[in-house]
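A.B. asks: Residues 340 to 424 (the working numbering) are what the sequence shown spells out, left to right.
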Amino acid sequence: MKAKDRRREMIFDIVRNQMNNDNPPETNLTYKTLRAMGFSDFESMQQIGQCVAIEIFQVMKFKEPFDKERYVGNLKRLPEEPFIE
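This is the structure in structure tokens:
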């Protein structure tokens, strides 16, 4: 498996854990909304994963704590591209 694929699967694991634990509940809601809009499972996971990746980047690069408000805000804006505020 390529490094890119491993990173994607790690992020997808985070998304799955959030969905299984319903924490935050907005992850499940966003997934269901994206699927209802016609996005595939993979596309929905990928879009949510972009929001996760932003938070990982902020924590790693800038030593910031996880920003739940920013994360949930990005989830609510999907399918628009998530961004760092």
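Quick reminder that beta carbons are idealized off the backbone N, C-alpha and C, glycines included. Note that this is a predicted model, so its numbers are computed, not measured.
Between the Cα of Gln386 and those of Ala342, Thr369 and Phe405, spot the shortest distance and give me the residue it belongs to.
C.D. replies: Reading the sequence shown from its first residue, position 47 is the one you call residue 386. Of the listed residues, the one whose Cα sits closest to Gln386 is Thr369.
A.B. asks: With a 10 Å radius around its C-beta and 16 neighbouring C-beta atoms as the bar for buried, classify Pro421 as buried or exposed.
C.D. replies: What you label residue 421 is simply residue 82 of the sequence shown in a count that begins at 1. Per the 10 Å Cβ criterion, buried.
A.B. asks: Have a look at Lys341 and Arg374 and give me their C-alpha separation to the nearest angstrom.
C.D. replies: For the purposes of this step, residue 341 is taken as the residue at position 2 of the sequence shown. For the purposes of this step, residue 374 is taken as the residue at position 35 of the sequence shown. Cα to Cα, Lys341 sits roughly 27 Å from Arg374.
A.B. asks: Tell me whether Gly388 is buried or exposed, calling it buried when 16 or more other Cβ atoms sit within 10 Å of its Cβ.
C.D. replies: For this step, residue 388 is matched to residue 49 along the sequence shown. Buried, since its Cβ has 16 or more Cβ neighbours within 10 Å.
A.B. asks: So, helix, strand or coil for Ile423, using DSSP?
C.D. replies: Taking the first residue of the sequence shown as position 1, residue 423 is located at position 84. Correct three-state label for Ile423: coil.
A.B. asks: Where does Val398 land, buried or exposed, given buried means 16+ other C-beta within 10 angstroms?
C.D. replies: Sequence index remark: in the sequence shown, residue 398 carries index 59 (1-based). Exposed: under 16 other Cβ atoms inside 10 Å.
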